[in-house]
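Each residue of the sequence shown is one higher than the last, beginning at 7 in my numbering. Where a beta carbon is used, it is the ideal one built from N, C-alpha and C, also for glycine. None of the values given here were measured: they were computed from a predicted structure. Before any comments, here is the structure.
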Amino acid sequence: MEATPVASNSDETVSVVIPTYYRNDELDAAVESVFAQRYDPIEIVVVDDSGEAHAAPVVADDDRVTYVPLEENRGPYAAREIGIERSTGRYVQLLDDDDRLLPGKLEAQVPRLRSNSDVGVAYCGLRWEDGPTVHPDPTVRGDVLEDALQFSTSPAMMGTMLVERSVLEALLPFPNRHGADDIGLKIELARQTDFDYVDEVLLVRGRSSNSVGTSWDAIEGRHEILSSYANLYAEYPDAWRRALAETYLVSGQFRLNDRIWSPAAIADFARALYHAPGLPPVYLGSLIAALFGRGVYRRSRSLYSSIALGDERAGKTM
């Protein structure tokens with residue numbers, strides 16, 4: 007039996023903006039996940055960034071979807087910006103074309119925004135496709151600027167967040183920080199508004215969604231964030247140290263993925279340990295494990311995730 011959508015006021019429309027780029031099968035699943043929401047009203051805006059209307063067979067003839075084919079490839083953030091401008095809802099859900107909303111997501115998040123005028127972002131937990139589940143950190147709510155600056159807001163990210171339109175529009179146009187767009191967006195949102203969360207897993211994150219976050223572009227993007235927000239980081243020196251340490255940690259992990267043994271990875275882990283406030287076990291353990299190569303490092307990381315973080319935090323990402 008189909009679920010009955012929750013009745014909502016017409017001025018509480020949720021706009022779901024989906025940029026897409028040559029992933030029609032995934033796009034179809036993403037759109038269907040929006041249709042399955044137990045919330046009404048919803049509008050869907052699909053922005054086709056292929057430059058050749060590649061997604062037209064999936065959505066062009068569906069009158070429930072506003073289809074916006076771009077004449078040329080503009081990149082994901084430009085596509086999102088265009089989608090936001092074409093949408094009309096009070097709340098905005100940005101959804102990657104390979105992610106899927108679980109049926110109760112919008113139903114659960116809208117009341118968080120509706121009930122507290124100080125909150126402009128509501129996020130939730132997620133499950134990586136064929137991977138771990140990540141629940142919200144209870145400490146990441148309210149004023150989360152320091153958390154955002156130190157790259158530790160997981161699982162608050164593009165797909166898990168529902169955002170008040172007025173807050174999001176104040177940030178337009180989006181700067182292009184390829185590889186770190188998500189981090190920059192969360193910092194800007196945290197400067198504008200409080201965050202809250204729903205302690206439920208309401209998003210399935212696609213396998214390809216993690217590729218940018220673990221790329222050299224992502225690492226360079228983090229360094230760009232540290233540079234472009236230097237004045238703000240001066241007010242939060244511990245956050246700067248943690249963010250820099252986290253960046254070197256990710257860099258070391260990336261280098262070690264490419265080689266069985268990597269002096270450059272060891273150097274990055276040493277830099278991470280140097281910059282991290284205190285002596286965090288994960289940084290010290292990463293450095294020691296990296297000395298013995300990729301195999302030992304991966305086993306030690308898995309053990310740390312399961313024991314120290316617990317299974318529900320094992321997938322913790324930025």
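> By DSSP, does residue 205 sit in helix, in strand, or in coil?
Replying inline: In the sequence shown, the residue the question calls residue 205 occupies position 199. In the three-state reduction of the DSSP assignment, residue 205 falls in the strand class, which pools E and B.
>> What does the Cβ neighbour count give for residue 298, buried or exposed, with the cut at 16 atoms within 10 Å?
In response: Translated into the one-based positions of the sequence shown, residue 298 becomes position 292. Around the beta carbon of residue 298, fewer than 16 other beta carbons lie within 10 angstroms, which makes this residue exposed.
>> Within 10 Å of its beta-carbon, does residue 1 have 16 or more other beta-carbons around it, so buried, or fewer, so exposed?
In response: Since the first residue of the chain shown is 7 and the last is 324, residue 1 is not available in this structure.
> With DSSP run on the structure shown, which of helix, strand or coil describes residue 19?
Replying inline: As a working note, residue 19 is residue 13 in the sequence shown. Correct three-state label for residue 19: coil.
> Apart from the five residues on each side of it in sequence, which residues of its chain come closer than 7 Å, Cβ to Cβ, to residue 296?
Replying inline: Along the sequence shown, read from residue 1 onward, the residue named residue 296 stands at position 290. For residue 296, where only same-chain residues beyond five positions count, the Cβ hits under 7 Å are 258, 262, 271, 272, 275 and 303.
> Does the segment 56-64 touch the segment 142-158, meaning 3 or more C-beta pairs lie closer than 8 Å?
Replying inline: no
> In three-state terms, what does DSSP make of residue 144?
Replying inline: Taking the sequence shown and counting its residues from 1, one reaches residue 144 at position 138. In the three-state DSSP reduction, residue 144 falls in the coil class, being neither helix nor strand.
> In its own chain, which residues sit with a C-beta less than 6 Å from the C-beta of residue 73, not counting the 5 before and 5 after it?
Replying inline: Taking the first residue of the sequence shown as position 1, residue 73 is located at position 67. Excluding residues within five positions, the ones whose Cβ falls inside 6 Å are 52, 65 and 66.
> Three or more beta-carbon pairs under 8 Å between the segment 80-88 and the segment 192-210, yes or no?
Replying inline: Contact between the segment 80-88 and the segment 192-210 is absent, because fewer than three Cβ pairs lie under 8 Å.
>> With H, G and I counted as helix, E and B as strand and the rest as coil, what does DSSP make of residue 266?
In response: Here residue 266 refers to the residue found at position 260 of the sequence shown. Reduced to three states, the DSSP call for residue 266 is coil.
> In three-state terms, what does DSSP make of residue 28?
Replying inline: Counting from one through the sequence shown, the residue named residue 28 turns up at place 22. Coil at residue 28, not helix or strand.
> residue 92 to residue 39, Cα distance in whole Å?
Replying inline: Looking up residue 92 in the sequence shown gives position 86. Looking up residue 39 in the sequence shown gives position 33. Cα to Cα, the separation comes out at about 21 Å.
> How many Å lie between residue 62 and residue 36 at the Cα?
Replying inline: Counting from 1 along the sequence shown, the entry for residue 62 is found at position 56. Counting from 1 along the sequence shown, the entry for residue 36 is found at position 30. Taking the straight line from one Cα to the other gives about 15 Å.
>> Let me make sure I understand the geometry here. Which of 24, 166 and 155 has the alpha-carbon closest to that of residue 211?
In response: Looking up residue 211 in the sequence shown gives position 205. Of 24, 166 and 155, the residue nearest in Cα terms is 166.
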